[in-house]
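Here the protein sequences come in this chain order: A and B. Count the first sequence with this note's numbering and you get residues 58 to 245, in order. Count the second sequence with this note's numbering and you get residues 370 to 708, in order. We put the CB at the ideal spot given by N, CA and C, even for glycine.
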Amino acid sequence: MTRTIRLTLPAALLALAACASGGQNYHDKNMDFGSVRTVAVMPIVNLSRDNLAGERVRDVITSMMLASGAFYVVPQGEVIRVVAKAGVLNPATPTVEDVVKFGTILKVDAVITGTVKEYGEVRAANASGNVIALSLTMQECATGKIVWTGTTTRGGVTWRDRLLGGGGAPLNEVTETAVDDLISKLFK
Amino acid sequence: MVLLPFENLSGTPVPVRDLLAPAERALAARGLEVVSGEPVQQYLARHRIRSTGSVDGAGAAGARDELGADGVVVTSVETWRDSPAAQFALTMRLVRAAEDAELLWIDGYGRTGDDAPGLLALGLVSDVKVLEAEAFARMADSMARHLERKGPASPACSRGLRFEPVFQYRSTTLSPQKRYSVAVVPFLNRTRRRGAGELAALAFVRQLRASRTFTPVEPGQVRRVLLQQRIVLEGGVSLEAARLLLGVLDADLVLGGEVLEYEDSGPPRVNLTATVLDRGSGEVVWQSLSHNRGDDWVFFFDVGRVSTALALGCSMVGNVVDGMSGDTPATESAFKARR
């Protein structure tokens, strides 16, 4: 009996860990995050099949950060204008020099960049659900250093979807949950 | 008043010329003297006006001087479909025929033929002309009531908790006691539907006119400044563009945003972000994100279903404007409440 438990328990824990929607997180220990008051959200790299995934996710990030009351987020039109003015060739993946120059012109403390890796419907046998895999990075504008990065995966096909069907949570809700998860990680 | 040819924002072909006659009849039946047809065409040609979806100060003053009008009626058709089920939606507004082109009245109508099928589907409307007649009768009634000082400048549409923004940020610098003039710029259109950006802007103009805190600038005036000053709103409103625009218009706030969904087919879906920039501080004073479907929180027998994107957008934008004016305290976002 004890031997059975010894064999099955790790397997069960491994299976549960595989189902969890966690993600990696990095904080620069020397960074004072309280000093970051104004941020700019750069265009998001979109690796998914949905052409609008980047814009959808960026809108949620901007609105949620402003709604949190912890940051002032510079309007998108201003970001686009300064990107052109600063001559940033690839605003979605800026270089250290780009970030420093951008921060000086726009007077922001940090920039947020990100990548949408998955966005849309996934299927498993007869069940389907919406999934998003997202990573965000914060770069301090004084030095251009990466001070925080976080990844998350939310949604997908759950046991409930397999048993009851229904197609899972709407994509908008999954996106909001994922961004909320990442912002919570940033504040930790 | 001058009845301008209708603007088609439906993204599909609409017989806009055929719609003028029933609109003129409905307005005339309420005792309003309407100028339309050839004199209006000549006036448009003289002033080289091609866009009839808005009117600027020079155009409005021209209508007064040349056609003897007191007001200009501007109409935007949002949806027109005669099969398989009739559907019709429009927004109509009245602009003062003067240099200031003040927005006097604005209202909208949106309905599908299967809104109320009733017993044995006897209430189904398959002929779009029935909806057209109903729409123009309602618009003419609403306008006439306002001109007789018996009705509001913009009748409010239903709100409902389900249509509140998912996230909202309101700066404390936005005072509920002060009255602000707002320039609404066309929203960035990320949808496949042509004209969705203009429709979202129009929904905001309508709700701002209904508000006690905000006075919207006529979109024609905003359009004139954007063209004259060569302002291109690439990726959204920049602070520089906002300052230039508001300086020329002498307005306090500029409202813009992004439309990600504006669908009428199936259950209507609207997904939009609104951002308000303040001329004084040069900062964002409002940002919200809203997305809804017409069948949100509808469980039994289609009770509470919203059938057109116009009506859905009206409810959603109404809640946004309430939040902007501070009428609804932003205690908790709908996202947190849902979780």
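With DSSP collapsed to three states, give me the class of residue i.
i	result
G437 (chain B)	coil
L109 (chain A)	coil
T119 (chain A)	helix
M242 (chain A)	Just to set this straight, residue 242 (chain A) is Lys in the shown sequence, not Met. DSSP places K242 (chain A) in helix when its eight states are reduced to three.
H416 (chain B)	coil
G278 (chain A)	This structure gives no information on residue 278 (chain A), because the portion of chain A shown stretches from 58 to 245.
V494 (chain B)	coil
N249 (chain A)	There is simply no residue 249 (chain A) to check, as chain A begins at 58 and stops at 245 in what is shown.
K86 (chain A)	coil
V140 (chain A)	helix
V645 (chain B)	strand
R219 (chain A)	helix
Q410 (chain B)	helix
G91 (chain A)	helix
D476 (chain B)	strand
E471 (chain B)	coil
G482 (chain B)	coil
Q714 (chain B)	Outside the shown range of chain B, which is 370 to 708, sits residue 714 (chain B), and nothing can be said about it.
N147 (chain A)	coil
K158 (chain A)	helix
R399 (chain B)	coil
F457 (chain B)	strand
E609 (chain B)	helix
S192 (chain A)	strand
A429 (chain B)	helix
Leaving out five residues before and five after residue i in sequence, what residues of the same chain have Cβ atoms less than 7 Å from its Cβ?
i	result
G380 (chain B)	R562, R563, G564
G492 (chain B)	A485, P486
L70 (chain A)	In this prediction, L70 (chain A) scores a pLDDT of 45, lower than 50, which makes its location untrustworthy; the coordinate-derived value is nonetheless stated afterwards. Closer than 7 Å at Cβ, skipping near neighbours: no residue.
G437 (chain B)	none
D238 (chain A)	T209, R211
V494 (chain B)	A455, G482, L500
V145 (chain A)	P151, D155, F159
A470 (chain B)	V424, D425, G426, A429, V464, E587, G589, Q590
Let's test the definition: count the other Cβ atoms within 10 Å of the Cβ of residue i and tell me whether it reaches 16, buried, or not, exposed.
i	result
Q598 (chain B)	exposed
K158 (chain A)	buried
Y478 (chain B)	buried
E407 (chain B)	exposed
S580 (chain B)	buried
A74 (chain A)	For A74 (chain A), the predicted model reports a pLDDT of 42, less than 50, meaning its position is unreliable; a value from the coordinates is still stated below. When all chains shown are included, A74 (chain A) counts as exposed.
Q576 (chain B)	buried
I162 (chain A)	exposed
V216 (chain A)	Looking at the sequence provided, one finds Trp at residue 216 (chain A) rather than Val. Classification for W216 (chain A): exposed.
Y83 (chain A)	exposed
R138 (chain A)	buried
Q196 (chain A)	buried
Leaving out five residues before and five after residue i in sequence, what residues of the same chain have Cβ atoms less than 6 Å from its Cβ?
i	result
G160 (chain A)	C198
A620 (chain B)	S550, A552, V586
E468 (chain B)	G426, A430
Y538 (chain B)	Q656
P555 (chain B)	G566, E567, A570
T448 (chain B)	S379, Q456, A458, D633
P374 (chain B)	T421
A181 (chain A)	V214
L243 (chain A)	W205
L333 (chain B)	As shown, chain B starts at 370 and ends at 708. That puts residue 333 (chain B) outside it, with no answer to give.
V385 (chain B)	F375, N377
V675 (chain B)	G663, L681
S185 (chain A)	E178, G224
G673 (chain B)	V667
P638 (chain B)	Note that residue 638 (chain B) is Arg in the sequence shown here, rather than Pro. Correct list, in chain order: E630, E632, R662.
Is any heavy atom in the ligand SAH found nearer than 6 Å to the beta carbon of residue i?
i	result
G134 (chain A)	By its list of ligands, the structure shown contains no ligand whatsoever, and the ligand SAH lies outside what it can speak to.
Leaving out five residues before and five after residue i in sequence, what residues of the same chain have Cβ atoms less than 8 Å from its Cβ?
i	result
L608 (chain B)	L646, G651
L389 (chain B)	L372, P374, F375, S405, G406
Using a beta-carbon distance below 7 Å, is residue i in contact with chain D?
i	result
A127 (chain A)	Among the protein chains in the structure shown, which are A and B, there is no chain D.
What alpha helix (DSSP H) runs, 4 residues minimum, are completely inside the segment 655 to 702 of chain B? Entirely contained in the segment 655 to 702 of chain B, the alpha helix (DSSP H) runs reaching 4 residues are, in chain order, 678 to 694.
Beta carbons nearer than 7 Å to chain B: which residues of the segment 137 to 157 of chain A have them? The segment 137 to 157 of chain A vs chain B, Cβ under 7 Å: I137, R138.
Interfacial residues, the segment 583 to 612 of chain B to chain A, with Cβ spacing under 9 Å: Listed in sequence order: L602, E603, G604, G605, V606, S607, L608, E609, A610, A611.
Minimum length 4: unbroken alpha helix (DSSP H) runs contained in the segment 526 to 596 of chain B: If we require 4 residues or more, the alpha helix (DSSP H) runs fully inside the segment 526 to 596 of chain B come out as 565 to 579.
May I ask you to list, following chain order, the residues of the segment 638 to 652 of chain B that have a beta carbon less than 8 Å from some beta carbon of chain A? So the close ones are N640, T642, T644, L646, E652.
Check distances from the C-beta atoms of the segment 520 to 552 of chain B to those of chain A and list, in chain order, the residues that come in under 8 Å. Per Cβ criterion, the list reads V535, F536, Q537, Y538.
Could you name the residues of the segment 78 to 110 of chain A whose beta carbon sits closer than 8 Å to any beta carbon of chain B, in the order they occur along the chain? Identification of residues in the segment 78 to 110 of chain A having a C-beta nearer than 8 Å to some C-beta of chain B yields L109, given in sequence order.
Residues of the segment 211 to 234 of chain A with Cβ closer than 9 Å to any Cβ of chain B, in chain order: The segment 211 to 234 of chain A vs chain B, Cβ under 9 Å: P227, N229, E230, E233, T234.
Give the residues from the segment 468 to 492 of chain B that approach chain A closer than 8 Å (Cβ to any Cβ), ordered along the chain. From the segment 468 to 492 of chain B, no residue has a Cβ closer than 8 Å to chain A.
Interfacial residues, the segment 617 to 633 of chain B to chain A, with Cβ spacing under 8 Å: Cβ contacts with chain A: G625, E627, L629.
At a Cβ cut of 7 Å, what residues of the segment 161 to 172 of chain A count as close to chain B, listed as they run along the chain? Answer set for the segment 161 to 172 of chain A: empty.
If you measure beta-carbon to beta-carbon, which residues of the segment 652 to 663 of chain B are closer than 8 Å to chain A? So the list reads E652, V653, Q656, S657, L658, H660, given in the order they occur along the chain.
Residues from the segment 550 to 569 of chain B in contact with chain A, defined by Cβ distance under 7 Å: Those residues of the segment 550 to 569 of chain B that come within reach of chain A (Cβ to Cβ, closer than 7 Å) are R559.
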